[in-house]
Amino acid sequence: MDAGDVLTSVGLKNRIDNFPVQLSGGEQQRVAIARAVAKQPKLLLCDEPTGALDYETGKQVLLLLQDMARKKGTTVVIVTHNAALAPIGDRVIHLRDAKVEKVELNPHPQDIQTLEY
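The numbering of the sequence shown is the numbering used here, which starts it at 120 and goes up by one.
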């Protein structure tokens, strides 16, 4: 994928010529996500992908990750402490003390546009 297109998809088109030190923590997080997405991986592991982002930007990133899964066939694993994100997943794996506590299948994931967290 083109770097400009991916940066645009995470809301950073106007920052394409900036160095990391010139970016906020949330912007750096979005650059990291854009770099990962640009490689079009088969598996994308995301540790708190919305942790340093405001609400609207977080939803924008979640939509990008969902598009990777739905349109590109990428397996997207989101690791988070935010249980409010669980309804958007096809499968939710709950961990406790480094062990799988339960696995929930979700045949009808919630649309990210309607997600409130």
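Even for Gly, the Cβ is constructed at its ideal location relative to N, Cα and C.
Whole-angstrom C-beta distance between residue j and residue i, which should lie under 8 Å
i      : j      : result
PRO228 : PRO206 : 7 Å
MET120 : GLN159 : 6 Å
VAL195 : LEU163 : 5 Å
THR193 : LYS161 : 6 Å
VAL125 : ALA157 : 5 Å
Buried versus exposed, by CB contacts within 10 Å (16 or more), residue i
i      : result
MET187 : buried
PRO168 : buried
SER143 : exposed
VAL140 : exposed
LEU183 : buried
Simplified DSSP assignment, three categories, for residue i
i      : result
ASP216 : coil
VAL222 : strand
VAL125 : helix
Are there three or more Cβ pairs, one per stretch, closer than 8 Å when the region 143-154 is compared with the region 207-220? no
Contained alpha helix (DSSP H) runs [length at least 4] in the region 138-198, N- to C-terminal order: 144-157 and 174-191
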